[in-house]
Structure formats: C-alpha cells, structure tokens
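Residue numbers (the UniProt record's numbering): 1 to 456. As structure tokens, the structure follows; a few thoughts come after it.
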Amino acid sequence: MHSAIPRPATFLHSGPLRGTVKVPGDKSISHRAIMLSALAVGESRISGLLEGEDVLATAAAMRAMGAKIERTGEGSWTVQGVGVGGLMQPSAALDMGNSGTSTRLLMGLVSSHRISATFIGDASLSKRPMGRVIDPLSLMGAEFNASPGGTLPLMVRGLVPAIPIRYRLPVASAQVKSAVLLAGLNAPGRTEVVEPIPTRDHSERMLRGFGADLSVELASNGVRHIRLMGEAELKPQNIEVPGDPSSAAFPIVAALITPGSEVTVTHVGMNPTRNGIYKMLEAMGANISYSNEREVGGEPVADITARHSILHGIEVPPEVAPSMIDEFPVFFVAASVARGRTTTSGLDELRVKESDRLALMASGLQAIGAVVTETEDGLLIDGSGGEPLEGGATIKSALDHRIAMSFAVAGQHCYKGITVDDVTPIATSFPSFEIMLMMLKGDDNSSVFPDGSANP
C-alpha cells in the first residue's frame, strides 16, 4: 500500500506537451479479470493488467482465499482458479488499502461462500459507505458486522446456498450491481439486477466471456434487466486488458488546455458506458480524434489524439454522470479554463468517493484562481476564457489519486506552479503518471509506457 510518508510535488507550465503514451490497464476490468479468473476452473492468462495498488489488493485477497496468482512479466499474470464455490477461509483480515471496488465486489463474492472474511482498509477507505452493498447482500442471506455507519472494518459471513434475488438499484452504481451478480454466481436459480440508469457494463461482458449464463434485456423505458443463472461454472480465459479511459483522461485534458500540445494515447478502452468524458469534452469544442478502432476481448478500443483547443462552457446532463463519474475532477479542470460557464448537477456520488471530490475540487480550484460555486450536487464553473489560472497554491489530495492528478494537470496551464501535498496515492491507479508527464514535456516525441520505461 502507498507510503504513510507524504511526498509533495510541484507541477508547473513548461511548454507544449507532445508525444505518444500508453496508459495503464483499465482498473475496473483488471479487478474483474483477477476475480473471475480466480473463480474459473483451470488457468487463465491476463495481459495488460494494471499493477497499481488497488488491483494488487484484489490479487492478494484472492490469493488469501485459495487462488494461485503469479506475475509472469510486465502486466502479464497467470491465475489458477478454485472454481465457483471453492473460495477458502482466509487466515487473516483482507487489507483493501484504498480500493472501494475491491471491497464491494469481494463482499459480493464472499456472501455466497461458506466462509467469513474481515475487510480492513486505509483511513480514506474506512470512511466510505458500504451500506449500499450490505443491503442487497443481506437479502441473499449474508450476515454483516460493520463499523458504525456501515463502514470498515467489517466482517462478512456468507451463506450456502445463497438466496437468489431480484434487486432494483436505488442508486446508479456498477459496484453494487457487480456485487449482487458475483454473489449470484454461487446462488441456485436466477439472480436479477434491475438497472434504471445504465452504468459501466464490464461485469456483464466479462461474466459472459467466462461462460456464465447471463442475459441483458433493455426495456422500452430504457431500464436494463440483467439476469444471471447460478450455480455457474466459469471457464478459464486469455484476457487482454485495454488502457484505462479514466487514466487516459489526464494526458488528454492536459493536451487540450496547454497551448501548442498534441498527445496521442494508444489502446484506450472505449466502452460506451465509460466514454462520457470524451463526449462532453467534444461538446466543449475539444479537438479529439480516434484511430485504430477495434475490439479486444469484447471491449471496444481506440487510439485517441488530443490537440490544444479553446473550450467553451456547457451544461452537463445529469444522466451522463455514470459514464464519467471518475473523470469529473479532471473535467472540472478543463471547465476552469474554458470560455463561459460549465454547469454540473446530479453528482452526489462524488461526495462519497475516495474523498468528497466536489468539495475538494471546488476549494482547490478556487485556491488557484478559478471561479467556482459549489452546490449540493455539483459545481458551477466560470472559465478563464483560455487564459492561464494564477496557480501558486498547495492542494490537499486527501489520499485521493484523482484529486492529485487533476491538479497536476491544472499546473500545466497556470502562471505559478501548483504543489500537491502528497502524490503517493497516485500509485493506486497510475504508477507512471509523473514520468509520463515529464516525457510529454520533452521535445523529442518520446513514448512512455505504464512501467515507466521510455522509448525515444
């Protein structure tokens, strides 16, 4: 897990950003690839896996419950699964570090196995609400002993056979949906999740890829009905993880706001439930183009090129939020240097991420000279019209990797440097971020890859 000793870093403008980069593997897909491979019978091979701390926490937890997981090279892993129903009792608490995805999805897995598991995490994760997952999993028969407020540390005691349920999501959450489906793998009969607002569908795609009997019906009113038949038998797979669209958003926005820049990010996942950030940037007038479009392991992939653009403010429809929920912090940075006002709403979910991202982005952007009004469920941002922001402030990252990277991007278009008080949390999702940024500032069209290696 990331160091307890804070490491501050200062980011400042030093010319155009140019080059080609390949960002780390998609975090959401990496988590699911490890989990489902561990539930298959036989050996799965994974390439392009994100080797950030969050995914490594998932791998450690699955090892603790009996799967054999080995790293065979950069981003390359093999997993010997134990089969659905074969998870073993862990001998110690499962340390999830900063990873909410690991915690919520693994709570689902444990809920339908005859084991008990205690989940612990860092200070940030220990404040995040788990009640939204506890509620449906309790209906399936699992028992929970959580800290006050439904937070970590918490203990889950699974039930076999678990009770298949029909559950309508009260909030748009891919993590809650996935937790219920994963619990349903070892529940006899049909588990159904009703999803009024579509969220990222990596779990559905990958479950089908592993051989689960899963169907998705789209009703006339746009509601999705996801049905899974347990008890499933998953077959091992070879998985190629595409680049994370959330990570790609950082160099893309940095290029858009920095005069003279042109940056290409290769092999980026373009799942339609994840590409809201790019649609909204294009609506703002961003010069973004796509090439080498293809499909890898059931997921659409493309190379994205972004060129410096004069952006204009827009009103972001609330229904777009689930498809870009993790990208709003860096989107706010883009809005802060656009022409006119950008309005966002329906973003209550951002208050219960790794931090209160609405409050932190509002105060941080104000500290560097942006005009921002914080509302109950969004931000109103009056942009600088393309002019650099003042900068010169020290920003609190609050153990949140996306806050830290967003202000590193903002520093590329400020008169004075921005200091982030602690950049160590960046390792949870993008270990080579700082190296990538330095390489893009060079004038030799360098390429940098997720392991930090560079090819001039």
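Note that the Cβ used here is the ideal one computed from N, Cα and C, for glycine as well.
Where residue i and residue j are concerned, what is the direct C-alpha to C-alpha distance, given to the nearest angstrom?
i: Ala67; j: Pro272; result: 32 Å
i: Ala427; j: Val110; result: 27 Å
i: Lys279; j: Val320; result: 9 Å
i: Val84; j: Gly149; result: 31 Å
i: residue 538; j: Val133; result: Nothing in the structure corresponds to residue 538, since the chain is present only between 1 and 456.
i: Ala255; j: Asp95; result: 37 Å
i: Pro24; j: Met35; result: 19 Å
i: Phe332; j: Ala404; result: 13 Å
i: Ser138; j: Val193; result: 15 Å
i: Thr103; j: Phe119; result: 7 Å
i: Ala61; j: Ala123; result: 19 Å
i: Arg341; j: Ala232; result: 50 Å
i: Leu228; j: Met65; result: 23 Å
i: Arg307; j: Pro259; result: 9 Å
i: Arg224; j: His13; result: 45 Å
i: Lys396; j: Asp377; result: 21 Å
i: Asn287; j: Glu315; result: 19 Å
i: Val82; j: Arg114; result: 14 Å
i: Lys235; j: Arg157; result: 27 Å
i: Val253; j: Ala398; result: 22 Å
i: Gly346; j: Met324; result: 12 Å
Identify, in the order they occur along the chain, each residue of the same chain with its Cβ nearer than 6 Å to the Cβ of residue i, setting aside the five sequence neighbours on each side.
i: Ala249; result: Ile277, Glu327, Val330
i: Asn145; result: Met155
i: Ala172; result: Ile197, Thr199, Pro322
i: Trp77; result: Ile46, Leu49, Arg71
i: Ala187; result: Ser112, Ala162, Pro164, Gly230
i: Gly452; result: Note on Gly452: pLDDT 42, under 50, position unreliable in the model; the coordinate value appears next. Correct list, in chain order: Ser432, Ile435.
i: Leu207; result: Leu214
i: Glu262; result: Arg18, Arg307
State buried or exposed for residue i, treating a residue as buried only when at least 16 other CB atoms are found within 10 Å of its CB.
i: Pro129; result: exposed
i: Asp444; result: Low per-residue confidence applies at Asp444: pLDDT is 45, beneath 50, and the placement is therefore not dependable, though the value from the model is reported in the following sentence. Under this definition Asp444 is an exposed residue.
i: Asn275; result: buried
i: Ala410; result: buried
i: Ile5; result: exposed
i: Gln237; result: buried
i: Ser147; result: exposed
i: Lys441; result: buried
i: Thr58; result: buried
i: Ser37; result: buried
i: Gly73; result: exposed
i: Pro153; result: exposed
i: Gln412; result: buried
i: Gln89; result: exposed
i: Glu387; result: exposed
i: Leu218; result: exposed
i: Pro136; result: buried
i: Pro317; result: exposed
i: Pro108; result: As written in the sequence, residue 108 is Gly, which differs from the Pro given in the question. By the neighbour-count rule (16 or more Cβ atoms within 10 Å), Gly108 is buried.
i: Ala92; result: exposed
i: Pro450; result: Note that Pro450 scores 47 on pLDDT, short of 50, meaning its location in the model is unreliable and no value can be drawn from it.
i: Arg32; result: buried
In three-state terms, what does DSSP make of residue i?
i: Val316; result: coil
i: Asp382; result: strand
i: Arg114; result: coil
i: Phe430; result: coil
i: Leu365; result: helix
i: Ala174; result: helix
i: Glu349; result: helix
i: Gly19; result: strand
i: Pro153; result: strand
i: Thr58; result: helix
i: Lys27; result: helix
i: Lys396; result: coil
i: Val371; result: strand
i: Ile435; result: helix
i: Thr419; result: strand
i: Glu295; result: strand
i: Lys127; result: helix
i: His13; result: coil
i: Gly442; result: coil
i: Pro300; result: strand
i: Thr199; result: coil
For residue i, which residues from the same chain have a beta carbon less than 7 Å from its beta carbon, with the 5 sequence-adjacent residues on both sides left out?
i: Arg7; result: Asp422, Val423, Thr424
i: Ala338; result: Met284, Leu311, His312, Gly313, Gly383
i: Gly189; result: Pro164, Gly230
i: Glu240; result: Ser47, Gly48, Val296, Gly297
i: Ala127; result: First, the amino acid is wrong: residue 127 is Lys here, not Ala. Same-chain partners within the cutoff: Thr151.
i: Ala362; result: Val372, Glu374, Leu379
i: Thr394; result: Thr419, Asp421
Output needed for residue i: all residues of its chain with C-beta closer than 8 Å, excluding positions within five of it in sequence on either side, in chain order.
i: Lys27; result: Leu50, Gly52, Asp54, Val55, Thr101, Asp244, Ser246, Ser247, Ser429
i: Leu181; result: Gly108, Thr191, Val193, Ser203, Glu204, Leu207, Leu214, Ile226, Leu228
What beta strand (DSSP E) runs, 3 residues minimum, are completely inside the stretch 231 to 288?
Qualifying beta strand (DSSP E) stretches, in chain order: 238 to 240, 262 to 269.
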